[in-house]
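Protein chains in written order, with our numbering: chain A, 9 to 413; chain B, 9 to 413.
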């Protein structure tokens, strides 16, 4: 049973709904009489070692609800991955503040941090209960049907591609949009959700689940452009050659890596520029443009799925309930049990921690450059009810009267 | 008085509301009994010379209203700038189809095309009435208080910066966002609209109205980062040195130019990458990220100002009314007559054609890297009523208990 002080923190890249999960934890925890305090650590685990705690018991419900609707980690985040010495510092701070339950909202790196923490806690015999609340725009957590944060980012990507498809139809040429997702193509695949007419883009989709070849890319684009006079392309930042070499890293003079050893893929337009340069040099197509969607995908104000908001809130609420009722560590996981309903469970941390889920083959078309209708059926219920639909003029053409011959 | 056949076309870069103006022209024109046909030219003036006309009289009002709500030129667009021979072809097609009134929805390049057309028409004694309907996300048309298309693009930029400011606060570092706008900084300046708290970004704004110096840029960023531990920067793609050299063009091996002689600035991430590389090399700041907002600014589905939609529609409607009542060529212009009300007038084409309006000094702070409250007052009524507002946690900090010394 939950009692004493509980702590909540947010780790990894922010999402549009990560504050919903935080509000879910705080508001649910405050219902339990045995819980004396609800603390929030600033900037994830780094806030714990530095004792940067907020007393969230003193936050008004009204303000918490407003923060819940605001994108990006309100408590701040971190990319720190604790080693043994770091963990010792964490326990020192937790013990000093008498904290026994820690809710960490994050992705697979954050859940792995939690797994390490529980091992270290057992080793030093500190009674720490750790609950992982899932979030990631990459949708790459195992066990889960999908993860909070993904639906809103997918909605952004779908709306972006619905728009650039119209733009590309108005001023014809080739358009390349580069989308976040290091290992999993779920977010890139969402580019297809805005399609309405048979010749709508994206006409080509390059996922990290398939090997990328520059020659194949050039041939694909030429084929589509020859057919339609235009071509819209969705590319994952994580595309790589058959030997695993990331296309993005082929460019960088020196690679920037974070504490998890991840190479920087976002925050640079290099991949889009490489791909557009490749097309300019190897085709006769005059107008070739590229955009890297970057941080807007996870932070843009006002582009949020109501389904995602609700589920992110519930993930936080269920985390507290599971901690109270089940008396074990774990990761809150989302399971689709009907079309469309989500059930929450508490899975072992080890099942989720540090693991990466990629797109199933049934979601990827045989061509390797498109998704299947099954993927659309999977994604559609997640993005909410207010997706805009594009329309075209239907008026008939006027008969030509001039003889140009 | 309007009679016979009228033609509508769309030129230049698409916007979120350019179809509202097209629908305004078509629906208003269809009210006049003396008007026999309403044609739409596909891909602007190039559609005229190729006789690619749609009979918009046969479009249902229901579908027209749906298209009006869809971003990006439904008739297609063009970057063509007609020369004498091109104009001869245009007249040939117009005469063959007995078209006497031409409504061209576009920016300063399109209005200049119209000005040339009217001169050529007079020279060959062809009775052509030309009405320019304003649109541009750059907001750089003279005479106008602002132009349809700008408010929705400004709303996108404001929402994007409100979001990345939160993201940058959660995972601290430096963030550079590059925004469209070759000569005028209006769209870049809109990045400031999402500020709520005194330390919200963008903390630095670089406009084409002021000279850019790399040394000054590095010093500015160091100062802000030293003070806040983070820095969000809005940069216009049109920034240039004191001698007029575009920062973006300093990079390109060879410049790509369009028919108007404009160098390609959008559709590449080179400028953001140059600026982030400059900061990485010249400061100790570890996390430096850059995004180029690109085509999403003018095409993103669902990010549209209701004020912009209404005014774009009215601009089209008034264009038809002016053509009928005033019997002269001209450009429909928007004038602010109250706080907030817009009056439409028909100004001489020569007052708008080919001219560029930049931001007034009263809109730019003395520092040269910020905007004034007067600019916010100018912009606020344009973006509509549904701007999201960010909220922060207000809970007090917990007293530290560990002695770290």
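Built from N, CA and C at the ideal position, the CB exists for glycine as well. Every value quoted in this text rests on a predicted model; they were computed, and no experiment measured them.
Practice item. Determine, using beta carbons only, whether residue 402 of chain A comes closer than 8 Å to chain E. Key: Within the model displayed, chain E is absent; protein chains A and B are what it includes.
Would a check of beta-carbon distances place residue 415 of chain A closer than 8 Å to chain B? Examination of residue 415 of chain A is not possible in this model, given that chain A is present from 9 through 413 alone.
Checklist entry - With distances taken from CA atoms, which of A:58, A:31 and A:298 is nearest residue 46 of chain A? => result By alpha-carbon distance to residue 46 of chain A, the top candidate from A:58, A:31 and A:298 is A:31.
Would you tell me roughly how many angstroms separate the C-alpha atoms of residue 26 of chain B and residue 386 of chain B, rounded to the nearest one?
-> Their backbone Cα atoms lie some 22 Å apart in a straight line.
Could you tell me how far apart the beta carbons of residue 23 of chain A and residue 157 of chain A are, in whole angstroms, since I believe they sit closer than 8 Å? The pair is a contact, with the Cβ atoms about 3 Å apart (cut-off 8 Å).
>> Using DSSP's beta-bridge definition, name the partner residues of residue 77 of chain A.
In response: Note: residue 77 of chain A sits in no beta bridge, so no partner.
*From residue 323 of chain A to residue 390 of chain B, what does the alpha carbon distance come to, in whole angstroms?*
The C-alpha of residue 390 of chain B is placed about 38 Å away from the C-alpha of residue 323 of chain A.
Quick check for students: name the residue ranges of the beta strand (DSSP E) that lie wholly in the stretch 316–347 of chain A, counting only runs of 3 or more. Unbroken beta strand (DSSP E) stretches of 3 residues or longer found wholly inside the stretch 316–347 of chain A: 338–346, given in chain order.
Q. Excluding the five sequence neighbours on either side, which residues of its own chain have a C-beta within less than 8 Å of the C-beta of residue 94 of chain B, listed in chain order?
A. Within the same chain, and ignoring the five residues on either side of residue 94 of chain B in sequence, the residues whose Cβ sits closer than 8 Å to its Cβ are 53, 57 and 88.
query: By DSSP, does residue 248 of chain A sit in helix, in strand, or in coil?
result: Residue 248 of chain A: strand per DSSP, three-state reduction.
| query | So which residues of chain B does residue 254 of chain A contact, with C-beta pairs closer than 7 Å? | reply | Residues of chain B passing the Cβ test: none, with the nearest at roughly 17 Å.
Quick check: what's the CA-CA separation for residue 18 of chain A versus residue 143 of chain A? If you take the alpha carbons of residue 18 of chain A and residue 143 of chain A, they lie about 9 Å apart.
Boundaries of the beta strand (DSSP E) in which residue 67 of chain A is found, first to last residue | Membership of residue 67 of chain A in any beta strand (DSSP E) is not indicated, and neither H nor E is assigned to it by DSSP.
- With a cut-off of 8 Å on the beta carbons, I'd call residue 9 of chain B and residue 37 of chain B a contact; round off their distance for me. Contact doesn't hold; Cβ gap of about 13 Å is too wide.
- Message: Less than 8 Å between CB atoms is the rule here; does residue 9 of chain B satisfy it with respect to chain A?
- Response: No - not a single Cβ of chain A is within 8 Å of the one on residue 9 of chain B.
Original post:
By a C-beta neighbour count over all protein chains shown, 10 Å radius and 16 as the cutoff for buried, is residue 49 of chain A buried or exposed?
Top reply: So residue 49 of chain A ends up on the buried side.
Under 9 Å from the C-beta of residue 157 of chain B: neighbouring residues of chain A
Residues of chain A passing the Cβ test: none, with the nearest at roughly 13 Å.
### For residue 141 of chain B, the three-state DSSP class (helix, strand or coil)
Of the three classes helix, strand and coil, the one that applies to residue 141 of chain B here is strand, per DSSP.
- Mind listing which residues of the stretch 113–130 of chain A have their C-beta closer than 9 Å to chain B's C-betas, in chain order? With the criterion set as a beta carbon lying under 9 Å from some beta carbon of chain B, the stretch 113–130 of chain A has no members that meet it.
Whole angstroms are fine: how far does the CA of residue 152 of chain A sit from the CA of residue 395 of chain B? One Cα belongs to residue 395 of chain B, the other to residue 152 of chain A, and the distance between them is close to 33 Å.
**Study point:** Inter-residue Cα distance where the pair is residue 200 of chain A and residue 222 of chain B
**Key:** Using only the alpha carbons, I get a separation of about 40 Å.
Limits of the alpha helix (DSSP H) - the one that residue 391 of chain B falls within: Where residue 391 of chain B is concerned, there is no enclosing alpha helix (DSSP H), given that its DSSP letter is neither H nor E.
_Contact list for residue 47 of chain A against chain B, beta-carbon separation under 7 Å_ = Within 7 Å Cβ-Cβ: 406.
Item to check | Proximal residues to residue 358 of chain A (C-beta, below 8 Å), its chain only, five neighbours per side dropped | outcome: Setting aside the 5 residues that flank it on each side, residue 358 of chain A is surrounded in the same chain by 123, each with a C-beta closer than 8 Å to its C-beta; the list follows chain order.
Next item on the list: May I have the straight-line CA-CA distance separating residue 367 of chain B from residue 307 of chain B, to the nearest angstrom?
Entry: When rounded, the distance between both Cα atoms is 24 Å.
Q.
Beta-carbon within less than 7 Å of residue 383 of chain B's beta-carbon, same chain only, minus the 5 sequence neighbours each way: which residues are those?
A. Around residue 383 of chain B: 197 and 371.
task = Compare the C-beta of residue 54 of chain B against all C-beta atoms of chain A and say whether one is closer than 8 Å.
result = Judged by the 8 Å Cβ criterion, residue 54 of chain B is not in contact with chain A.
TODO: Please name the residue or residues paired with residue 179 of chain B in a DSSP beta bridge.
DONE: None; residue 179 of chain B has no bridge partner.
### Supposed contact pair residue 168 of chain A and residue 195 of chain A - C-beta distance, whole angstroms, cut 8 Å
Not confirmed; about 11 Å, so no contact.
Assigned exposure category for residue 177 of chain A - 16 Cβ within 10 Å defines buried: Residue environment for residue 177 of chain A: buried (at least 16 other C-beta atoms within 10 angstroms of its C-beta).
Could you run through the stretch 285–307 of chain A and flag, in chain order, every residue whose CB is less than 8 Å away from some CB of chain B? From the stretch 285–307 of chain A, only 296, 297, 298, 299, 300, 301, 302, 303, 304, 306 and 307 have a Cβ closer than 8 Å to chain B.
| said: When you compare the CB positions of residue 126 of chain A and residue 226 of chain A, do they come within less than 8 Å of one another, or not? | reply: Taking 8 Å as the cut-off, the beta carbon of residue 126 of chain A is found no closer than this to the beta carbon of residue 226 of chain A.
If we ignore side chains and look at the alpha-carbon of each, how far apart do residue 40 of chain B and residue 34 of chain B end up? Spanning the two alpha carbons is a distance of roughly 11 Å.
Requested in this report: Please list the residues of the stretch 383–396 of chain B that have a C-beta atom closer than 9 Å to any C-beta atom in chain A, keeping them in chain order.
Outcome: Those residues of the stretch 383–396 of chain B that come within reach of chain A (Cβ to Cβ, closer than 9 Å) are 394, 395 and 396.
Review point. If we cut at 8 Å on Cβ distances, does residue 95 of chain B have a partner in chain A?
Key: Using a Cβ-Cβ cut-off of 8 Å, residue 95 of chain B does not count as an interface residue toward chain A, since no Cβ of chain A sits closer than that to its own.
- Item | Test: residue 167 of chain A CB closer than 8 Å to a CB of chain B | Yes, contact with chain B.
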